[in-house]
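First up is the structure itself, then whatever we jot down about it.
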Amino acid sequence: GKLLDSTKITRRLIVSKVAEIFDPVGLWEPYKLQLKLEQSDLKDVGWDVELSEDLQDHWSQRFKELLDIPLMTTVRSIVPEEAVNHMRMRLLCISDAAVCAGGAAVYGGFLLPDGNYSCKLLTSKSRLMDATVPRNELSAVVEMVKLAYCTKKALGDLVTEVLYFTDSTITLSWCHNTSKKLKTFVHYRVVAIRNMIEWTIGKFDELPLFHMDGTLNIADLLTKPNKIKPTDLGIG
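Structure follows, in structure tokens:
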């Protein structure tokens, strides 16, 4: 509180406070993305230039939100007690992108006695992007397959199945294409995606990258401005 009352807010202060959010697993990525997007709007402002009065008020409120971070909660174990087999997990890997950002989330699921699967967040990642939306969607898939690879490597034989999802039909067409010539930007990313999936799951006959309805895509929370605060993130 004393900091907010006595200190004029500059871009340097904002960057340093945002960097203090320690979340290497990415459990709070939807909130962190909001700060990244707003921070990027200040890219033309000098490091030590005092912000306008409106921006001072806005970032003062943002800093006060940081005091609620200790209230954010998550489960320590994603393995349900009623799981049929506690040593067989499937990964659902989901990506999305928009004009300014994109990201990916990896969920772990266990088969339940009724034939359904549990589904809990394992890790997620977002980053700012500045290409066209289709290219951003492709780059988001690259982030997804890299995240899935690291997750599978960390969990080892516990993971028995990995499925990948995007809501971009253009990206799906690019990635499933094995004959038509692609532009350099697209080609290198498609090769990277297919290679990374093979390194994760082994040789495949059909690429396990599937379409998801955009209205059902939870990774949308990693793509654009939303009114997300720390109090919105927690168990349930």
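Just so it is clear: in the sequence shown, position 188 is 1515 by the working numbering, and no numbers are missing. Glycine included, every Cβ here is placed at the ideal spot set by N, Cα and C. These numbers were taken from a predicted model, which means no experiment stands behind them.
### Message
Could you compute how far the alpha carbon of W1386 sits from the alpha carbon of D1532?
### Response
51 Å
### beta strand (DSSP E) runs contained entirely in the segment 1476-1551, provided each spans 3 or more residues
1486-1493, 1536-1538
### Message
From the DSSP secondary-structure annotation, give me the bridge partner or partners of C1420.
### Response
V1433, Y1491
### Message
Tell me the rounded alpha-carbon separation between L1509 and W1501.
### Response
8 Å
### Task
Answer with buried or exposed for M1414, where buried requires no fewer than 16 other C-beta atoms within 10 angstroms of its C-beta.
exposed
#### Entry: Contact set for D1375: own chain, Cβ-Cβ below 7 Å, skip 5 residues either direction
T1337, R1339
### Task
Compare the beta carbon distance of K1370 and I1405 with 8 Å and say whether it is the shorter of the two.
no
### Every unbroken beta strand (DSSP E) inside the segment 1367-1425 [3 residues or more]
1416-1424
### Query
Considering only residues of the same chain and omitting the five flanking positions on each side of E1392, which have a CB-CB separation below 7 Å?
K1556, P1557
### Message
Given this structure, state the Cα-to-Cα distance separating P1440 from E1408, to the nearest angstrom.
### Response
11 Å
### Query
Is the distance from the Cβ of A1475 to the Cβ of Y1491 below 8 Å?
yes
### Message
Here's a check: name, in chain order, each residue in its chain whose Cβ is nearer than 7 Å to the Cβ of T1550, leaving out the five neighbours to either side.
### Response
D1423, A1424, A1425, A1428, G1429, G1430
### Message
Let me check understanding here. Comparing Cα to Cα, which of L1394, W1355, G1373, L1382 lies closest to E1365?
### Response
L1382
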